[in-house]
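Reading the sequence shown from the start, the letters are residues 3 to 263 in my numbering. Beneath this line is the structure, given in structure tokens, with notes to follow.
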Amino acid sequence: MTTPISPVVDLTGKSILITGGGGGLGADMAALFTRLGARVLLADIAQDSAEAMAAKVGNGALGVRCDISDEESVAELADVARCEFGRIDALVNNAAHADLAGDLDLLGTDTSVWRRTVDVNLTGTMLVSRAIVPIMIAGGGGSIVTIVSRAGIAPPLSSRRLTYSTTKAGLIMLARHMAVAYGKKGVRSNSVAPGTIETERMLRDLSAERLTQSRANVLTPSLGRPEDISNMVAYLASDAGRFITGQTIQIDGGVLTGLHE
Ligand SMILES: NC(=O)c1ccc[n+]([C@@H]2O[C@H](COP(=O)([O-])OP(=O)(O)OC[C@H]3O[C@@H](n4cnc5c(N)ncnc54)[C@H](O)[C@@H]3O)[C@@H](O)[C@H]2O)c1
């Protein structure tokens, strides 16, 4: 299904870096942003996926390998952004690590699972932001959108995903910190918290029972689709979102609004 284009959201001439842009939500964003006129830089630990997606979306898109948890790899990414693009108008912190099998409750989660998840999600996102914010400021400002999760606002009642939830909660604060610290320099920073979105990976990884439960929990007739996230991120990245900063926008079918009696 193709996402309808809203006339208020125009990304013509903008350079946008998407981490984890090789698949899932990041790839959907890359396709929409390109249709709205942007040139995208896709950074993914999976080099083939990043390159393939860049070739697919076109408009001068570039796909590069980057492990966001590795400071050297992030420095190389910043060099590409500076040399090949010259400016970054929007950064989408989208890459994340999730260990569905090993990330359990406090007593059941192995330290190695905790460390890798924190390294990628929290430290990695900080490293990319720290490398890109000076480029953004040098270009006169821009918009940072950090993809967090409903799980970073309320822990799943299953008591699973301790580490993922904790990193996403931390990222909400990182996004707010950047809004406060660099707002007067023209940098806006927001986070977007998806609920369950029917990406290929989610439909493959989640059990039929879990999907049925998720569909029952939302206030909407169905679960979210990738374009529900991409549309909001495009809006925040565009000049239409110029007065929106420091916010956490939940796109979750209202799942946290009602209480089970
Ligand atoms: N799909 C959902 O229902 C859902 C719900 C809530 C939050 N989210 C969040 O949305 C974002 C995208 O999720 P998705 O479902 O598309 O996930 P996904 O696993 O399909 O895509 C994540 C991408 O990040 C890349 N990546 C992983 N580790 C990396 C690293 N160290 N360095 C660089 N790239 C790395 C992967 O290769 C992959 O292309 C994530 O931040 C995720 O936590 C998704």
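For each residue, glycine too, the CB sits at the ideal point set by N, CA and C. Note that the coordinates shown come from a computational prediction; the quantities given were computed from them, not determined experimentally.
Relative to the C-alpha of residue i, which candidate in the options has its C-alpha closest?
{"i": "SER51", "options": "MET175, GLU73, GLY24, VAL194", "result": "GLY24"}
{"i": "ARG67", "options": "THR165, LYS187, ALA54", "result": "ALA54"}
{"i": "VAL150", "options": "THR14, LEU258, ILE253", "result": "ILE253"}
{"i": "GLY144", "options": "ASP91, ASP107, LEU208, SER191", "result": "ASP91"}
{"i": "ARG89", "options": "THR119, ILE134, ALA97, ASP112", "result": "ILE134"}
{"i": "VAL257", "options": "ALA242, ILE231, PRO158, MET204", "result": "PRO158"}
{"i": "SER75", "options": "ASP101, ALA45, LEU64", "result": "ALA45"}
{"i": "VAL220", "options": "ASN96, GLY260, MET234", "result": "GLY260"}
{"i": "ARG117", "options": "TYR166, THR21, ALA77, LEU129", "result": "TYR166"}
{"i": "ALA242", "options": "ARG190, PHE87, ALA195, PRO228", "result": "ARG190"}
{"i": "VAL130", "options": "ASP81, ALA33, GLY110", "result": "ASP81"}
{"i": "SER160", "options": "LYS186, ILE139, ASP105, GLY15", "result": "ASP105"}
{"i": "GLU73", "options": "THR36, SER224, ASP107, LEU124", "result": "LEU124"}
Tell me whether residue i counts as near ligand 1, meaning its Cβ is closer than 8 Å to at least one heavy atom of that ligand.
{"i": "VAL10", "result": "no"}
{"i": "GLY26", "result": "yes"}
{"i": "CYS68", "result": "yes"}
{"i": "GLY81", "result": "It is Asp, not Gly, that sits at residue 81 in the sequence shown. Because no heavy atom of ligand 1 lies under 8 Å away, the Cβ of ASP81 does not count as near it: no."}
{"i": "HIS99", "result": "yes"}
{"i": "VAL122", "result": "yes"}
{"i": "THR21", "result": "yes"}
{"i": "LYS58", "result": "no"}
{"i": "ASN96", "result": "yes"}
{"i": "SER151", "result": "yes"}
{"i": "GLY172", "result": "no"}
Below 7 Å CB to CB, which residues in the same chain sit around residue i once its five sequence neighbours on both sides are set aside?
{"i": "ASP12", "result": "LEU38, GLY39, SER240"}
{"i": "ARG178", "result": "GLY248"}
{"i": "PRO228", "result": "LEU27, ASP30, ILE199, THR201"}
Is it right to say residue i is buried, meaning 16 or more other beta carbons lie within 10 angstroms of its own, or is it exposed?
{"i": "LYS170", "result": "buried"}
{"i": "LYS58", "result": "exposed"}
{"i": "THR127", "result": "buried"}
{"i": "ALA218", "result": "exposed"}
{"i": "THR119", "result": "buried"}
{"i": "VAL42", "result": "buried"}
Under three-state DSSP, which class holds residue i?
{"i": "ARG190", "result": "strand"}
{"i": "ASN95", "result": "strand"}
Please go through the same chain and pick out, in chain order, the residues whose beta-carbon is closer than 6 Å to the beta-carbon of residue i, but skip the five residues on each side of it.
{"i": "GLN49", "result": "ARG67"}
{"i": "LEU108", "result": "LEU164"}
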